[in-house]
Amino acid sequence: MNDLESILLNSFPKSIEKDVLVVINSFAFEEMGSSITFSVYINNEKITIPYRVYNRVKREAWLQQFEAIRAEGKRSNSPYPHNEVFDRNNSTKLTPIQQAIYYCILTRHSSGYVREDSIRNLFKGDCNHSWVAPFIIRLLGEYVVEIVEIIKENIGVIDKRLYLDFISDNKVFFNTTQSRVMSYWNEYYRKKHSGSNFLWEEYVGNEILRYLGFETQVNSKKYLRLKKYLEKKEAI
7 MNDLESILLN
17 SFPKSIEKDV
27 LVVINSFAFE
37 EMGSSITFSV
47 YINNEKITIP
57 YRVYNRVKRE
67 AWLQQFEAIR
77 AEGKRSNSPY
87 PHNEVFDRNN
97 STKLTPIQQA
107 IYYCILTRHS
117 SGYVREDSIR
127 NLFKGDCNHS
137 WVAPFIIRLL
147 GEYVVEIVEI
157 IKENIGVIDK
167 RLYLDFISDN
177 KVFFNTTQSR
187 VMSYWNEYYR
197 KKHSGSNFLW
207 EEYVGNEILR
217 YLGFETQVNS
227 KKYLRLKKYL
237 EKKEAI
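Just so we're on the same page, this note's numbering is the position in the sequence shown counted from 1, plus 6.
If you want it as structure tokens, here you go:
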């Protein structure tokens with residue numbers, strides 16, 4: 007077994023190992039890997055998921071597929087058409103479960119464009135498996151707010167009970183995610199948008215936490231003063 011298979015097979019339960027292998031074999035990658043991982047438990051089984059998936063598409067195959075897309079007059083919104091190439095040649099051949107596995111893997115991709123497209127496609131299919139939950143919840147604690155907004159737009163699609171069960175079994179993982187949601191809001195959005203009423207209570211990541219029943223309060227005096235000032239300003 008090569009490194010690629012080991013990394014991805016360990017990202018899903020043994021019960022769907024055959025499907026994971028089908029997905030692995032559908033990728034036109036020379037190599038894929040990440041030295042950083044995070045671990046969760048699915049039905050008492052330890053699952054280890056790469057923080058990022060890096061890949062290098064085979065150049066000849068990539069150019070051939072890209073030229074076929076261009077010949078049809080299509081154009082990707084991304085700087086490079088990763089997901090168009092993947093979807094055109096791989097995901098349509100997979101079963102619904104295999105497609106879910108496929109898009110879960112791509113939510114860990116090094117390209118934010120691919121992660122964004124993949125979470126959209128994941129919600130279009132069957133996202134209500136316990137092994138999908140860590141991939142979606144992990145994205146809540148990352149810095150690309152556009153991806154978090156996609157999760158919020160599709161929050162009604164998920165089986166809330168299934169996700170709460172996952173959270174109950176993975177409290178350390180979820181607590182870390184909660185902390186990251188607030189940290190990214192504080193670092194990238196509160197400071198940048200504080201003059202535009204970009205409060206924690208209105209931040210999309212916190213709205214999802216609230217939906218799941220885990221709203222967190224910000225109690226720093228500086229923030230509370232800012233909140234009070236903005237509320238007064240809005241009332242004028």
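Don't be surprised by glycine CBs; every beta carbon is placed ideally from N, CA and C.
Asked, Found
"In the DSSP assignment, find the unbroken alpha helix (DSSP H) run with GLU155 in it and report its ends.", "151–159"
"How is THR54 classed by DSSP in three states: helix, strand or coil?", "strand"
"Can you give me the C-alpha to C-alpha distance between GLU51 and VAL26, rounded to a whole angstrom?", "16 Å"
"So what does DSSP say about VAL178, is it helix, strand or coil?", "helix"
"Put TYR47 into one of helix, strand or coil per three-state DSSP.", "strand"
"Is the Cβ of VAL120 closer than 8 Å to any Cβ of chain B?", "Structure shown: chain B not included; a single protein chain is present."
"How far does the alpha helix (DSSP H) with PRO102 in it extend, from its first residue to its last?", "102–112"
"Does the segment 107–120 come within contact of the segment 132–151, defined as at least 3 CB pairs closer than 8 Å?", "yes"
"Looking at the secondary structure, which residues open and close the alpha helix (DSSP H) in which SER124 lies?", "118–130"
"Give me the DSSP bridge partner(s) of VAL59.", "HIS115"
"Which of helix, strand or coil does DSSP assign to ILE143?", "helix"
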